[in-house]
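Just so you know, the protein sequences line up as chains A and B, in that order. Under the numbering used here, the residue at position 60 of the first sequence is numbered 65, and the numbers go up by one with no gaps. Under the numbering used here, the residue at position 170 of the second sequence is numbered 175, and the numbers go up by one with no gaps. Even glycine gets a Cβ: it sits at the ideal position worked out from N, Cα and C.
Number of protein chains: 2
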Amino acid sequence: MTLEQSAVRPPAQTRGAGPAGQRRRSRREEILEIAVGLFATRGYHGVSMDDIGAAAGVTGPALYHHFAGKEAMLAAALIPVSEQLLAGGQKRIAESSEDPAAALAALVDFHVEFALANPAVIALHLHELDRLPEEPRRQIRRLQRLYVEEWVNTLTVLREELNAGEARVLAHAAFGLMNSTPFLGGEVDRARRAELLRAATLSALQG
Amino acid sequence: MTLEQSAVRPPAQTRGAGPAGQRRRSRREEILEIAVGLFATRGYHGVSMDDIGAAAGVTGPALYHHFAGKEAMLAAALIPVSEQLLAGGQKRIAESSEDPAAALAALVDFHVEFALANPAVIALHLHELDRLPEEPRRQIRRLQRLYVEEWVNTLTVLREELNAGEARVLAHAAFGLMNSTPFLGGEVDRARRAELLRAATLSALQG
DNA sequence: TGATGAACTTAACGACCGTTCAGCACTTGC
DNA sequence: GCAAGTGCTGAACGGTCGTTAAGTTCATCA
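Here it is as structure tokens:
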């Protein structure tokens with residue numbers, strides 16, 4: 006009653022030229038995406054290397070040809086997320102540098118889109134960061150802090166009655182709101198969900 | 006580098022009459038609270054029975070005198086939370102049955118207070134529910150669903166342009182906002198944090 | 001053709017985990 | 001003073017996990 010082996014091993018030869026212009030993702034990225042999905046639904050410690058391998062159509066030890074170990078897989082999944090969030094946030098702010106209200110709206114737009122596009126990786130980021138060893142964990146926390154500060158700066162300009170600590174509370178509250186998307190599936194289509202989350206977040210932050 | 010044993014075993018004899026009117030908590034509850042804290046910070050699978058025992062001042066196997074097993078500890082921690090949330094929500098709604106706006110405000114008040122008072126158990130509830138076996142997990146999900154429906158009903162009365170699915174998206178978004186409190190510590194005192202979260206949640210929900 | 005190297009397999013290791021069991025210490029009620 | 005019972009210890013079990021190692025297959029290319 007452990008893991009129903011539902012993943013079928015792919016044809017094993019897609020190595021050469023892809024059937025069309027579609028760029029072949031590297032095997033490493035492919036495995037990483039599978040691992041992220043498993044981590045997100047069963048928890049880091051709830052998934053074994055054999056589980057990940059089985060889901061990718063290989064045995065557990067085969068994974069060591071692509072990653073140094075299990076912790077390295079988690080780090081490889083989490084670090085790019087923090088980097089993309091920070092880079093995206095900085096870009097949106099730079100694009101509307103003179104108008105803090107527009108900057109906030111752009112931040113919300115960006116974050117909602119990101120969360121809706123990457124629910125598994127967002128859930129991982131929220132729940133499993135502490136399973137990393139010190140070094141990559143510190144790196145990610147630093148990136149997170151910089152991202153939060155972008156929001157805090159925008160908020161303190163826009164709402165002068167807030168001090169930095171209070172703006173930080175609101176920023177985290179906004180993340181909680183926007184990151185709630187992994188918890189709910191269909192029923193409402195993606196565009197409408199994005200609209201609801203955008204409007205709710207902006208209302209929550211503009212007091 | 007695993008677990009610094011900082012918990013000191015208590016005097017072991019507080020069994021008789023407490024020194025004053027303070028009601029002695031049962032050993033079971035005491036252990037449960039310790040376990041919840043560990044689960045919340047290191048994850049269910051990241052904590053061993055020996056870890057929990059050590060933090061409570063006993064060995065691992067001693068825990069089997071109070072709980073049937075590790076999963077039973079998690080269930081014992083999570084089920085009362087769902088029950089309290091549902092009961093509290095129903096009570097607040099019944100108390101303001103004629104005024105949906107007041108009902109929503111009461112729900113927000115209640116949930117924010119609960120989240121601020123029990124951050125560890127809220128985090129557990131969010132992250133580790135899937136580690137339970139089917140039976141208790143279904144029970145908890147049923148309680149959760151009923152609690153969410155209280156919010157959904159209040160929201161659909163208050164905002165007639167929303168269908169049930171959209172109201173559910175907003176309800177989960179509000180939970181995400183209010184449950185963000187475990188992620189941030191001091192810097193802003195508790196009363197102010199409650200005020201910020203209350204105002205933000207009401208703004209987010211009232212469109 | 002034959003060497004190269006990537007991707008994978010099977011087998012095995014040491015460590016740790018949840019759980020069980022037999023027995024000991026100590027308090028309580030008779 | 002004695003029996004009952006609670007709470008605990010220490011040792012041990014079967015199982016699982018992350019990881020290592022050695023060997024196999026096979027496409028690629030000189």
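Asked                                                                                                                       : Found
8 Å Cβ cut-off: residues of chain A touching Leu175 of chain B                                                              : Leu201, Ala205
Short Cβ contact (9 Å threshold) for Gly48 of chain A with Tyr49 of chain B                                                 : yes
Any chain B beta carbon closer than 9 Å to Ser87 of chain A                                                                 : no
Boundaries (first-last residue) of the alpha helix (DSSP H) holding Tyr152 of chain B                                       : 139-163
Beta-carbon proximity of Val162 of chain A to Leu201 of chain B, cut-off 9 Å                                                : no
Chain-ordered neighbours of Val113 of chain B on chain A, where CB pairs are closer than 9 Å                                : By Cβ distance, chain A contributes nothing, its closest Cβ being about 12 Å from Val113 of chain B, past 9 Å.
For Tyr69 of chain B, the three-state DSSP class (helix, strand or coil)                                                    : helix
Residues, ordered as in the chain, of the region 177-195 of chain A that lie near chain B by beta-carbon distance below 7 Å : His177, Ala178, Phe180, Gly181, Leu182, Asn184, Ser185, Phe188, Leu189, Glu192, Val193
Close Cβ partners of Ser101 of chain B (< 7 Å) along its chain, the five nearest in sequence each way excluded              : Ala107, Ala108, Ala111
Element boundaries [alpha helix (DSSP H), containing Asp56 of chain B]                                                      : 54-61
CA nearest to the CA of Ile127 of chain B, picked from B:Val63, B:Arg197, B:Leu79                                           : B:Leu79
Exposure label - Ser31 of chain A; buried when at least 16 CB within 10 Å                                                   : exposed
Closer than 8 Å at the beta carbon, the chain B residues around Gly48 of chain A                                            : Gly48, Tyr49, His50, His132, Glu133, Asp135, Arg136
Terminal residues of the alpha helix (DSSP H) in which Gly170 of chain A lies                                               : 169-183
Contact check, Glu171 of chain A vs Arg33 of chain B, beta carbons under 9 Å                                                : no
Listed by chain order, chain A residues near Ala209 of chain B by CB distance under 8 Å                                     : Leu182, Ala205, Thr206, Ser208, Ala209
Neighbourhood of Arg28 of chain B by C-beta, 6 Å cutoff - its chain only, sequence neighbours within 5 removed              : Since pLDDT at Arg28 of chain B reaches only 37, below the 50 mark, its modelled position is unreliable, and the value read off the structure follows with that caveat. Taken in chain order, the list of residues that qualify is empty.
Under 8 Å from the C-beta of Arg33 of chain A: neighbouring residues of chain B                                             : Result: empty, since nearest Cβ-Cβ is about 26 Å, beyond 8 Å.
Cβ shell of Val153 of chain B (< 6 Å), same chain only, five flanking positions each side left out                          : Ala176
CA-to-CA distance, Glu103 of chain A to Ala146 of chain B, given in whole angstroms                                         : According to the sequence provided, residue 146 of chain B is Arg. The question's Ala does not apply to it. Spanning the two alpha carbons is a distance of roughly 47 Å.
Cβ distance (whole Å) where Ala209 of chain B is taken to contact Ala209 of chain A below 8 Å                               : 4 Å
Closer than 7 Å at the beta carbon, the chain A residues around Arg198 of chain B                                           : Val174
DSSP three-state assignment for Tyr49 of chain B, whether helix, strand or coil                                             : coil
Distance, Leu129 of chain A Cα to Met183 of chain A Cα                                                                      : 15 Å
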